[in-house]
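So the structure is just underneath, and the comments pick up after that.
Protein chains: 2
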Amino acid sequence: MTGRGLPMAVPAAGLPTRVRIHEVGARDGLQNEKVTVPTQVKAEFVRRLAGTGLTTIEATSFVHPKWVPQLADAEQLFPLVSGLPVELPVLVPNERGLDRALALGARRVAVFASATESFAKANLNRTVDEALAMFEPVVERAKADGDGVHVRGYLSMCFGDPWEGAVPVPQVVRVCRALLDMGCDELSLGDTIGVATPGHVLQLLAALNEEHVPTSVLGVHFHDTYGQALANTLAALQHGVTTVDASAGGLGGCPFAKSATGNLATEDLVWMLQGLGIDTGVDLGRLVATSAWMAGQLGRPSPSRTVRALSHEDPEGQEGREAHKEQ
Amino acid sequence: MTGRGLPMAVPAAGLPTRVRIHEVGARDGLQNEKVTVPTQVKAEFVRRLAGTGLTTIEATSFVHPKWVPQLADAEQLFPLVSGLPVELPVLVPNERGLDRALALGARRVAVFASATESFAKANLNRTVDEALAMFEPVVERAKADGDGVHVRGYLSMCFGDPWEGAVPVPQVVRVCRALLDMGCDELSLGDTIGVATPGHVLQLLAALNEEHVPTSVLGVHFHDTYGQALANTLAALQHGVTTVDASAGGLGGCPFAKSATGNLATEDLVWMLQGLGIDTGVDLGRLVATSAWMAGQLGRPSPSRTVRALSHEDPEGQEGREAHKEQ
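From first to last, the protein sequence lines stand for chains D and L. With full-length UniProt numbering applied, the first sequence corresponds to residues 1 to 327, in that order. With full-length UniProt numbering applied, the second sequence corresponds to residues 1 to 327, in that order.
See the structure below:
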């Protein structure tokens with residue numbers, strides 16, 4: 001449809017004029033892939049993503065290779081892309097990871113906290129507070145390095161947890177406050193299992209504001225497990241959020257349904273933002289081509305609906321005409 | 001996740017307290033299925049849908065069997081379900097279809113108009129105005145039958161058209177006005193190719209209000225081809241719309257991408273509405289079970305993300321724990 005004046009740009013009241021997309025496909029998207037993606041392919045993926053106009057592309061993770069074998073090549077990958085004229089944040093789980101990232105010249109890092117005890121235990125084998133204590137020197141040293149490394153704090157399970165169910169808002173606010181107090185520059189509010197709905201999103205954002213957390217330091221990270229990611233994003237934009245995480249092609253498996261998707265697909269997000277007349281700087285056609293290419297590398301179709309629709313587009317074809325028959 | 005307090009019900013300001021879902025799975029969802037679904041299976045599908053708490057279930061279409069072979073059994077199907085305590089609208093393309101529907105006791109019918117010339121030509125082999133002229137006696141006779149048959153006017157291609165691109169809002173408003181003037185009780189605004197975004201939706205709704213079309217007669221019918229359906233629905237709800245079309249399990253092929261979905265999945269809609277504390281009367285668990293059953297009948301997985309997630313749910317299992325590992 002692109003190129004036919006679609007989506008038609010019609011701004012809506014109360015929305016930002018510009019949104020920064022924090023692209024997580026190369027890290028969050030690939031990390032659970034079972035088949036090892038060659039380093040050169042990852043580098044090419046990041047290069048192509050940068051060519052679409054995306055300005056913040058999370059490149060990899062400096063975790064212990066034992067935990068995320070897919071990203072064990074962080075040392076090899078990062079130098080291949082670090083010259084690109086985009087921001088390239090990397091995940092660092094601890095001081096060792098920070099050391100490795102800084103040694104390669106990374107100037108944006110991210111730590112990964114949990115709002116719930118169950119997930120902190122499952123993912124980090126620590127309590128929430130033990131995990132925060134582990135991040136404290138990481139953030140402190142990052143901020144003290146040179147003119148200061150930018151630190152993002154991921155917070156997972158902000159809305160629901162697979163073991164605990166609904167997560168109380170005050171519990172999330174407390175961990176957000178702690179991450180900011182230790183020096184994080186921005187937070188990414190993660191709906192890791194995709195259960196949030198728009199009212200819940202607005203409630204959390206308002207509660208954070210009440211605790212003097214400005215919306216400007218908040219990003220949202222929605223998963224599409226229940227199809228809610230874009231509606232939740234719209235609600236967040238209406239609240240004033242201007243940083244949205246998304247994964248090119250919808251890369252990133254859903255924990256409970258192999259056939260369903262995890263991360264919000266960047267293309268579906270860009271379609272909506274373009275339709276709302278909100279500037280992202282992203283060329284949707286190039287992005288779709290990049291995700292279609294990556295889907296080819298992984299050997300399976302992209303779960304992004306926009307990628308599928310634009311990759312199969314043939315509006316003049318017989319198939320299209322026939323399928324449109326209603327009677 | 002249902003049963004674990006998820007989705008957590010958190011109302012948002014400015015939304016309706018109750019929404020009526022117009023379930024289209026048995027008609028719109030099945031009509032393009034290539035494999036013939038036995039009449040008894042269709043009847044069981046409608047019965048199970050009624051058992052979920054849905055109150056308006058579009059049952060079938062009295063079109064000429066040549067055009068929609070899948071629904072050629074309308075005469076056999078309707079009597080099997082007409083005793084159910086729910087509204088059972090049926091599609092009638094012309095006076096002949098109306099005669100057939102009325103003979104079986106149908107008290108709710110729907111006509112199917114197009115906002116664009118290209119689709120009117122492709123679907124009805126008529127101009128937009130010729131199609132409207134064809135519907136006029138249908139609506140007139142329906143309203144004059146007994147104490148009056150309820151008439152819904154479907155309007156397709158309200159936002160974009162595969163041949164014409166973006167559809168001008170005034171063009172849509174004109175056809176809406178004509179359908180109401182001839183006596184339609186309600187309209188369903190269709191985004192047949194799924195290209196709409198929230199600002200465009202709000203613009204059309206506002207333009208209709210300006211032409212003295214009250215929001216109370218408007219339903220929205222979004223397709224998820226580009227993943228926009230639920231975000232568009234949220235915008236429509238914020239405008240005051242309280243009738244939303246959806247298809248159980250997301251049944252209904254997307255014209256341009258066999259692997260992608262067409263209709264908004266009722267389960268994804270119910271998840272959002274339940275999360276927003278909006279009453280629908282629908283039991284989500286039963287609905288998911290119904291769609292999973294129907295997917296089994298069709299021999300392929302449901303495209304509804306909520307159906308997939310809840311059908312595969314195993315939060316305590318090893319797979320869940322492993323997949324949640326972030327580092």
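The C-beta atom is built at its ideal place from N, Cα and C for all residues, glycine as well.
Find the residues of chain D that neighbour residue i, judging by a C-beta separation of less than 8 Å, and give them in chain order.
i        : result
His200/L : Pro7, Met8, Val10, Gly275
Leu234/L : Pro198, Ala231, Leu234, Ala235
List, in chain order, every chain D residue whose beta-carbon is nearer than 7 Å to that of residue i.
i        : result
Arg4/L   : Gly165
Gln171/L : Those do not exist, as Gln171/L stays about 13 Å from chain D at its closest Cβ, beyond 7 Å.
Is the shortest distance between the beta-carbon of residue i and the beta-carbons of chain L less than 8 Å?
i        : result
Arg48/D  : no
Trp293/D : no
Thr56/D  : no
Thr60/D  : no
Arg18/D  : no
Asp181/D : no
Arg321/D : Because Arg321/D carries a pLDDT of 37, less than 50, the predicted location of this residue cannot be relied on, and no value is offered for it.
Shorter than 8 Å from the beta carbon of residue i to some beta carbon of chain D?
i        : result
Thr306/L : yes
Gln297/L : no
Gln228/L : yes
Ala231/L : yes
Val213/L : no
Pro85/L  : no
Let me check understanding here. Comparing Cα to Cα, which of the options lies closest to residue i?
i             : options                                : result
Phe62/D       : Val138/D, Ala50/D, Val128/D            : Val138/D
Ala131/L      : Gly14/L, Gly153/L, Met294/L            : Gly153/L
Thr127/L      : Val175/L, Pro65/L, Val92/L             : Val175/L
residue 334/L : Leu189/L, Arg100/L, Leu80/L, Asn125/L  : No statement about residue 334/L is possible, as the shown extent of chain L runs from 1 to 327 and does not include it.
Val172/D      : Leu205/D, Asp147/D, Lys143/D, His150/D : Leu205/D
Arg18/L       : Thr243/L, Thr225/L, Ala120/L, Val288/L : Thr243/L
Arg96/L       : Val86/L, Leu88/L, Val111/L             : Val111/L
Ser304/L      : Lys66/L, Leu269/L, Val68/L, Cys184/L   : Leu269/L
Leu251/L      : Ala9/L, Gly5/L, Gly25/L, Leu6/L        : Gly25/L
Leu202/L      : Asp224/L, Val169/L, Thr290/L, Ile193/L : Val169/L
Gly227/D      : Gln238/D, Gln31/D, Pro198/D, Ala207/D  : Pro198/D
Val90/D       : Leu298/D, Val149/D, Pro69/D, Thr39/D   : Val149/D
Asp73/L       : Gln31/L, Asp161/L, Ala144/L            : Gln31/L
Leu71/L       : Thr55/L, Pro93/L, Leu54/L              : Pro93/L
Ser118/D      : Gly53/D, Gly83/D, Ser156/D             : Ser156/D
Ala289/L      : Leu298/L, Gly249/L, Arg107/L, Ala115/L : Gly249/L
Who does residue i pair with in a DSSP beta bridge?
i        : result
Ala246/L : Glu23/L
Leu91/L  : Ser61/L, Ala110/L
His223/L : Asn263/L
Leu187/L : Gly153/L, Leu218/L
Thr56/L  : His22/L, Glu87/L
Asp73/D  : DSSP lists no partner for Asp73/D.
Asp147/D : In DSSP, Asp147/D forms no bridge with anything.
Asp279/L : Arg18/L
Since residue i meets chain L, which of its residues come closer than 7 Å, beta carbon to beta carbon?
i        : result
Thr280/D : None at all; the shortest Cβ gap to chain L is about 13 Å.
Gln203/D : Val10
Is residue i near the ligand SAM, with its Cβ less than 7 Å from a heavy atom?
i        : result
Ala235/D : No copy of the ligand SAM appears in this structure; indeed no ligand is present at all.
So residue i contacts chain L; which residues on that side make the cut at Cβ distance below 9 Å?
i        : result
Gly160/D : Met1, Arg4, Gly5, Leu6, Pro7, Met8
Ala265/D : Gly227
In chain L, which residues lie with their C-beta within 8 Å of the C-beta of residue i?
i        : result
Thr127/D : Neighbours of Thr127/D on chain L: none; closest Cβ ~16 Å, over 8 Å.
Met134/D : Those within 8 Å of Met134/D in chain L number zero; the least Cβ separation is about 11 Å.
Just to make sure I have the definition right: I need the residues of chain A whose C-beta is within less than 8 Å of the C-beta of residue i. Which are they?
i        : result
Asp268/L : Here chain A cannot be found, since the structure's protein chains are D and L.
Report the residue ranges of all alpha helix (DSSP H) runs contained in full by the region 155-182 of chain L; include only those spanning at least 4 residues, in chain order.
If we require 4 residues or more, the alpha helix (DSSP H) runs fully inside the region 155-182 of chain L come out as 169-181.
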